[in-house]
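Undergrad: Just so you know, our numbering puts the end of the sequence shown at 612, numbered straight through with nothing missing.
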Amino acid sequence: MTFPTPPPTVHSFSNPHWRGQIHATYAGHLDLILQIIDRADSTSILKTGSGRKVWVAESPWGSLCIKEIASTGLRGLFRRVFQGDPGAREWSNQVSLASAGAPVPAPILWAASRTTAGRRGVIVSFFLEGAVPVSDYVDGRVPLREGEKRELLEAAGRALGQLHQAGCIHQDPHGGNMLVLRSLSPVQIFFTDLKDIQLKKSLTWRERILNVSEFLGGLAPRLSLTVKQRGLKAYLDVVRDWQPAFRNESEARRSMARAIEYYAARDFRARWRSRWPNARSMANVFTGSGQGHTRAGFAPPGILHLSVHCSQIPMGFFNRKRLLS
Numbered sequence: 288m289t290f291p292t293p294p295p296t297v298h299s300f301s302n303p304h305w306r307g308q309i310h311a312t313y314a315g316h317l318d319l320i321l322q323i324i325d326r327a328d329s330t331s332i333l334k335t336g337s338g339r340k341v342w343v344a345e346s347p348w349g350s351l352c353i354k355e356i357a358s359t360g361l362r363g364l365f366r367r368v369f370q371g372d373p374g375a376r377e378w379s380n381q382v383s384l385a386s387a388g389a390p391v392p393a394p395i396l397w398a399a400s401r402t403t404a405g406r407r408g409v410i411v412s413f414f415l416e417g418a419v420p421v422s423d424y425v426d427g428r429v430p431l432r433e434g435e436k437r438e439l440l441e442a443a444g445r446a447l448g449q450l451h452q453a454g455c456i457h458q459d460p461h462g463g464n465m466l467v468l469r470s471l472s473p474v475q476i477f478f479t480d481l482k483d484i485q486l487k488k489s490l491t492w493r494e495r496i497l498n499v500s501e502f503l504g505g506l507a508p509r510l511s512l513t514v515k516q517r518g519l520k521a522y523l524d525v526v527r528d529w530q531p532a533f534r535n536e537s538e539a540r541r542s543m544a545r546a547i548e549y550y551a552a553r554d555f556r557a558r559w560r561s562r563w564p565n566a567r568s569m570a571n572v573f574t575g576s577g578q579g580h581t582r583a584g585f586a587p588p589g590i591l592h593l594s595v596h597c598s599q600i601p602m603g604f605f606n607r608k609r610l611l612s
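#1: Can you tell me which of the three DSSP states Lys354 falls into?
#2: Could you pull out every unbroken beta strand (DSSP E) segment of at least 3 residues lying fully inside the stretch 473-517, listed in chain order?
#3: What is the rounded straight-line gap between the Cα of Ser422 and the Cα of Trp492?
#4: Using beta-carbon positions only, say whether Ala389 and Leu450 come within less than 8 Å of one another.
#5: Within a Cβ cutoff of 8 Å, which residues of the same chain sit near Leu415, ignoring the five residues on either side of it in sequence?
#6: On a CA-only basis, which of Cys455, Gln516, Glu435 and Ser337 is nearest Ser383? Give me that one, please.
#7: Taking 8 Å as the limit between beta carbons, can you name the residues of its chain near His304, skipping five residues before and five after?
#8: What would DSSP say about Leu333, mapped onto helix, strand or coil?
#9: Would you tell me roughly how many angstroms separate the C-alpha atoms of Trp378 and Trp397, rounded to the nearest one?
#10: Given this structure, state the Cα-to-Cα distance separating Arg306 from Thr312, to the nearest angstrom.
#11: The alpha helix (DSSP H) spanning Gly388 covers which residue range?
#12: Ordered along the chain, which non-local residues of its own chain (more than five positions away) have a Cβ less than 6 Å from that of Val474?
#13: Is it true that the CB of Ile547 sits closer than 8 Å to the CB of Val514?
#14: Output needed for Arg495: all residues of its chain with C-beta closer than 8 Å, excluding positions within five of it in sequence on either side, in chain order.
#15: In or out: Asp426 buried (at least 16 other Cβ within 10 Å) or exposed?
#16: If you count every other CB in all the chains shown that lies within 10 Å of the CB of Leu490, and 16 or more means buried, which is it?
#17: According to the neighbour-count rule (16 or more other Cβ atoms, all chains shown, within 10 Å of its Cβ), is Thr335 buried or exposed?
#18: Any idea which residues DSSP pairs Val467 with across the strands?
#19: Taking all protein chains shown into account, do 16 or more other C-beta atoms lie within 10 angstroms of the C-beta of Lys616, making it buried, or fewer, making it exposed?
#20: Which of the three DSSP states is assigned to Ile590 in this structure?
#21: Evaluate Gly584 with the Cβ neighbour count: other Cβ atoms within 10 Å of its Cβ, from every protein chain shown; 16 or more gives buried, anything less gives exposed.
#22: Three-state secondary structure (DSSP) at Gln308?
#23: In whole angstroms, what separates the C-alpha of Val411 from that of Gln485?
Below, the structure is given as structure tokens:
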């Protein structure tokens, strides 16, 4: 197995059952942490799926978030060969970002073990008590007032700025991978699911704009102009090395707003065009080829017009007529 190169604050370990790395602060408590890992409680499971389980455990230092990754079967073997161990990759990224001051959960331990079911990897981090995914707020599952939405987007802008300042591009950008802690002042957002990220010495202006538009483009229909502008202003307050060099923050924000609107609209059109043929084919499967409009290949004119002329869809991520000064 190839282990990630540890920074000075991380120690490697190996015993008959586990091999991995642990943060230097907790190296003296390695046996206790490994015992906690082996005592999984079904009542504390947060998320479970194919080859993955996330659960919470108590420790003398507080609640721990334990993410188990099982790499089994032929598919798991190919992924390990061509992409490397997924747990090792995520741990290495998390440690690097934490060392750079990026908003990620504090890493404690990563370990890998061979079991009868295949390779088992475990990542232990501090649990963010009371954290809620950004998507829950944006989708309306957790109601927010306008001022609270503005505070949320400002936190998102700051977090994205810190992530980009660390040279990181998150390649799975959606609200479910951004956890909000509103109990802190100011509100803070942390990024999760870090196995698929790009780490560079620095990011170009275009790379930053593309990543911001991927994260924030889907929020357009649900948030007001003022809220979105506040989020972008908070981002630019963190990222001061504007490229090209704008005269002031307001000019940089106007330029970036237009670019984000363009990229968000382009991404929306690409998704619509790719999903529309699939939707029609699935309709044929579920309704039967001999039933009514489906048999004739008919689709409502409004939907057809939308799919053909989707370049006219008013994304409106930023309204150029009104910008914060």
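Think of the CB as a built atom: it goes at the ideal place given N, C-alpha and C, for glycine as much as any other residue.
TA: According to the structure data:
#1: strand
#2: 475-478 and 484-486
#3: 26 Å
#4: yes
#5: Cys352, Pro392, Leu466, Leu468 and Phe477
#6: Cys455
#7: Leu321 and Ser400
#8: strand
#9: 6 Å
#10: 18 Å
#11: No alpha helix (DSSP H) holds Gly388; DSSP gives it neither H nor E.
#12: Glu438 and Ala442
#13: no
#14: His451 and Val526
#15: exposed
#16: buried
#17: exposed
#18: Val419 and Ile476
#19: Residue 616 lies beyond the residue range present for the chain, which begins at 288 and ends at 612; the question has no answer from this structure.
#20: Model confidence at Ile590 stands at a pLDDT of 39, short of 50, so the residue's coordinates are unreliable; what they give is reported in the following sentence. If DSSP states are grouped into helix, strand and coil, Ile590 belongs with the helices.
#21: Only weak support exists for where Gly584 lies, its pLDDT of 36 falling under 50; the coordinates are left without a value.
#22: strand
#23: 22 Å
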